[in-house]
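Reviewing the structure listed below.
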Amino acid sequence: MTTVSAPGKLMLMGEHAVVYGYPCIVTAVSERLQVSMEETTDGNITIDAPQVKNTRFVNQAIIDGTNTWNILHKGLRIKTQSNFSNCYGFGSSSAVTVATLFALAQVFRNNVTQKQLFDTAYKTVLSIQGVGSGFDVAAATYGKTLLYIKGGSTLDELPWNLNTNGVSLVVGYSGVKADTTIIVKEVAKKREEQLERVDRIFEAIGKLVVQAKEAGDKNDWETVGKLMNFNQEYLRDLGVSTEKLDAMILGAMKAGAYGAKLSGAGGGDCVIALVSKGKKETVEQAITQSGGTIVSVQTGTEGVMVTE
Ligand code: PMV
Numbered sequence: 068m069t070t071v072s073a074p075g076k077l078m079l080m081g082e083h084a085v086v087y088g089y090p091c092i093v094t095a096v097s098e099r100l101q102v103s104m105e106e107t108t109d110g111n112i113t114i115d116a117p118q119v120k121n122t123r124f125v126n127q128a129i130i131d132g133t134n135t136w137n138i139l140h141k142g143l144r145i146k147t148q149s150n151f152s153n154c155y156g157f158g159s160s161s162a163v164t165v166a167t168l169f170a171l172a173q174v175f176r177n178n179v180t181q182k183q184l185f186d187t188a189y190k191t192v193l194s195i196q197g198v199g200s201g202f203d204v205a206a207a208t209y210g211k212t213l214l215y216i217k218g219g220s221t222l223d224e225l226p227w228n229l230n231t232n233g234v235s236l237v238v239g240y241s242g243v244k245a246d247t248t249i250i251v252k253e254v255a256k257k258r259e260e261q262l263e264r265v266d267r268i269f270e271a272i273g274k275l276v277v278q279a280k281e282a283g284d285k286n287d288w289e290t291v292g293k294l295m296n297f298n299q300e301y302l303r304d305l306g307v308s309t310e311k312l313d314a315m316i317l318g319a320m321k322a323g324a325y326g327a328k329l330s331g332a333g334g335g336d337c338v339i340a341l342v343s344k345g346k347k348e349t350v351e352q353a354i355t356q357s358g359g360t361i362v363s364v365q366t367g368t369e370g371v372m373v374t375e
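Heads up: the sequence shown begins at 68 in my numbering, then just goes up one per residue.
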């Protein structure tokens, strides 16, 4: 058996606008998803995936990987295992797709580049979900914290370290599982109805992302926090925030966070708060009191890799 693992992700800034070609900042998290694979001789593909949803992505990844890389096999045994709940919105579908394709490449000693892996995995995810910028596929493939533009046209690793440098990222789960595809489609509908207004929001978010990159590169976390707050205002304007998310964000801000916002499509999933190390516990308590559940993660972790 060959075992590989790929990380989950958190969107730091730029969600929704990234679907329309603007940059976003995404970070890979310490929560990882493992795929073990071996070739068999019985002609069957056996998948043991505890999360049923993952099976579709594994199946499609095998089809796309074998076709794209001309792999002939006599049967496969595959097992997936995740150390994170697929409720948090950490991107288990993308992580399992990237890990399955990487495992396939390892088992058949096929030297795929990271870009080839990314391109194939993005194609697989798009063929199932129909929409998406691929930022989650990029995090699973490359890891670290990235400035990312749709389709991987920009994939710049940022020197951000939110685990030291006196700064920390607090993550609070809202208890509500969001449906990304539905929300992305709702935003598209809103854009059709109010093209200029929505495009102005996307453009403004894109500018915030570039400013945040510059500030973060200089370890100016106070400025990054302020930019996150502006980003949250625009997400509220887009109509993707919720009362629960707003309450958790307000709690974090009152407790002294540099900035706080929802992370991902909105409608639920998680909020993130950027805090100085000294404020971490107070902000965590405030998010808990606002009804959130703290999820402890490290950020900027390694991309897909062989683990056994
Ligand atoms: O809900 P998540 O964590 O998968 O994030 C979605 C982010 C969007 O920008 C709304 C969609 C995308 O594919 O970039």
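We put the CB at the ideal spot given by N, CA and C, even for glycine.
Quick caveat: nothing in here was measured; it's all calculated off a predicted structure.
- The closest CA to that of threonine 147, considering only Val165, Val277, Gly345 and Gly156, is found on Val165.
- Around the Cβ of isoleucine 249, a 10 Å sphere holds fewer than 16 other Cβ atoms; the residue is exposed.
- The closest heavy atom of the ligand PMV lies 6 Å or more from the beta carbon of alanine 271.
- A distance of 7 Å or more separates the beta carbons of glycine 239 and glycine 331.
- The alpha carbon of valine 350 has as its nearest neighbour, out of Ile138, Tyr87, Val254 and Ala319, the alpha carbon of Ala319.
- For threonine 108, there is no enclosing alpha helix (DSSP H), as DSSP marks it with neither H nor E.
- Relative to the ligand PMV, the beta carbon of glutamate 82 is positioned inside 6 Å of a heavy atom.
- Linking leucine 222 to valine 276 through their CA atoms gives a straight-line distance of about 14 Å.
- Remark: the shortest separation between the CB of glycine 359 and any heavy atom of the ligand PMV does not fall under 6 Å.
- In the DSSP assignment, methionine 68 falls outside any alpha helix (DSSP H), carrying neither H nor E.
- By the criterion of a C-beta distance shorter than 8 Å, glycine 367 is surrounded in its chain by Thr94, Ala95, Gly210, Lys211, Thr212, Trp227, Asn228, Leu229 and Asn230, once the five residues flanking it on both sides are discounted.
- When distances are taken from the beta-carbon of serine 160 to the heavy atoms of the ligand PMV, even the shortest one reaches 6 Å or more.
- DSSP places aspartate 266 in the helix class (H, G or I) of the three-state scheme.
- The continuous beta strand (DSSP E) containing isoleucine 339 extends over residues 337-343.
- Setting aside the 5 residues that flank it on each side, glutamine 299 is surrounded in the same chain by Lys328, each with a C-beta closer than 6 Å to its C-beta; the list follows chain order.
- Between leucine 184 and glycine 132, the CB-CB gap reaches or exceeds 7 Å.
- A Cβ-Cβ separation of about 19 Å leaves cysteine 337 out of contact with tyrosine 215 under the 8 Å criterion.
- Of the other Cβ atoms in all chains shown, fewer than 16 fall within 10 Å of the Cβ of isoleucine 130; this residue is therefore exposed.
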